[in-house]
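K.L.:
For reference, each letter of the sequence shown is one residue, going 583 to 802 in my numbering. Beta carbons are placed, not taken as given, at the ideal position from N, Cα and C, and that holds for glycine. Could you have a look at this structure, given as structure tokens, before my questions?
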Amino acid sequence: EQGDGLPRSYPNALYWYTKASSKSPQAAYMLGRYYEQGLGTSRDTVQAYSWYRRAVEAGSAKAAYRLGELETKGSTPSAKGRDWYQKAADLGDARAWYLLGVLYEKGRGVEQNITQALDYYHKAAAEKQVDAMYNLASLYYAGTQIPKNLPQALHWYAKAAHAGDPQAQYNLGLLYYHGEGVKANKITAFGYWLKAARHSHAKAQAALDKLCKESPWACR
583 EQGDGLPRSY
593 PNALYWYTKA
603 SSKSPQAAYM
613 LGRYYEQGLG
623 TSRDTVQAYS
633 WYRRAVEAGS
643 AKAAYRLGEL
653 ETKGSTPSAK
663 GRDWYQKAAD
673 LGDARAWYLL
683 GVLYEKGRGV
693 EQNITQALDY
703 YHKAAAEKQV
713 DAMYNLASLY
723 YAGTQIPKNL
733 PQALHWYAKA
743 AHAGDPQAQY
753 NLGLLYYHGE
763 GVKANKITAF
773 GYWLKAARHS
783 HAKAQAALDK
793 LCKESPWACR
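Now the structure itself:
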């Protein structure tokens, strides 16, 4: 498959994935990808679905998540899509926990339930799913669907920021700049905005310009 030390050959990779599939959920999942994408064989949606289902039966969370993606229509999954995402979540897929959190937060294809959304976000965040960390921070900061909780907002923005999320870095900089839930600290704000700006975050770049003009000492 990788062409590492020998010529790349998808047909040969397909052959060996097939040989391994009876004992390897990952091999069964890869067969689903091969048939879905037409790698080493003709595209065959029926075969792809069949291999993904076999992989799920063998415990593959990735295969369940992919089936959920295939069953999703637009921004809202079908009933089958939700079921597959739920299966992926039950098998421990952090992306599925996050996505289910979004569905319950927004009421997309399910009855809106913020308590359920928070539960899924916390599970995903515990597995270092950055989008879940950011959504938790935003919910605790906004205080519209749940009581406002600045310490929790700071905690989760910091987690997402340290994981490299530029929007979380920008928001955390704002909290330190204005002293919301924490003692105001322009030097710390500068540090977070600089990190976000390095990701081409336009608002962070503008905030840096403003900060360095009003308080040049904070930007040294």
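(1) How many Å lie between Arg635 and Ala646 at the Cα?
(2) Can you name, in chain order, every residue of its own chain whose Cβ lies under 7 Å from the Cβ of Gly691, other than the five neighbours on each side?
(3) With a CB to CB cut of under 8 Å and the five nearest residues on each side skipped, what residues in its chain are close to Ala745?
(4) Taking all protein chains shown into account, do 16 or more other C-beta atoms lie within 10 angstroms of the C-beta of Val638, making it buried, or fewer, making it exposed?
(5) What beta strand (DSSP E) runs, 3 residues minimum, are completely inside the stretch 697-728?
(6) Sorted by chain position, which residues of the same chain lie with C-beta nearer than 8 Å to Leu718's C-beta, five sequence neighbours on each side aside?
(7) When the Cα atoms are used, what is the spatial distance from Ser815 to Ala676?
(8) Expressed to the nearest angstrom, what Euclidean distance is found between the alpha-carbon atoms of Leu673 and Gly773?
(9) Taking C-beta to C-beta, are Ala609 and Tyr599 nearer than 7 Å?
(10) Could you say which of Ser782, Thr627, Thr726, Ala800 lies nearest to Asn525 if we only look at CA atoms?
(11) For Trp633, which residues in the same chain have their Cβ closer than 7 Å to its Cβ, ignoring the five residues on either side in sequence?
(12) Can you look up Thr600 in the DSSP assignment and give me helix, strand or coil?
(13) Starting from the C-beta of Ala671, find all residues in its chain whose C-beta is less than 6 Å away, skip the five residues before and the five after it, and write them out in chain order.
(14) At which residue ranges does the stretch 614-693 contain complete alpha helix (DSSP H) runs of 4 or more residues, listed in the order of the chain?
(15) Distance, Cα to Cα, Arg545 vs Thr770?
(16) What are the start and end residues of the alpha helix (DSSP H) that includes Glu796?
P.N.:
For this structure:
(1) Roughly 7 Å between the two C-alpha positions.
(2) Thr658, Pro659, Arg664, Leu685
(3) Lys710, Val712, Met715
(4) buried
(5) For the stretch 697-728, not one full-length beta strand (DSSP E) segment reaches 3 residues or more.
(6) Leu700, Tyr703, His704, Ala707, Gln734, Trp738
(7) Residue 815 is absent from the structure shown; the chain starts at 583 and stops at 802.
(8) 38 Å
(9) yes
(10) Limits of the chain in this structure are 583 at one end and 802 at the other, which puts residue 525 out of reach.
(11) Ala610, Leu613, Gly614, Tyr617
(12) helix
(13) Ala678, Trp679, Leu682
(14) For the stretch 614-693, whole alpha helix (DSSP H) runs of length 4 or above, ordered along the chain, are 627-639, 643-653, 661-672, 676-688.
(15) The structure shown has nothing for residue 545, since the chain only spans 583 to 802.
(16) 784-796
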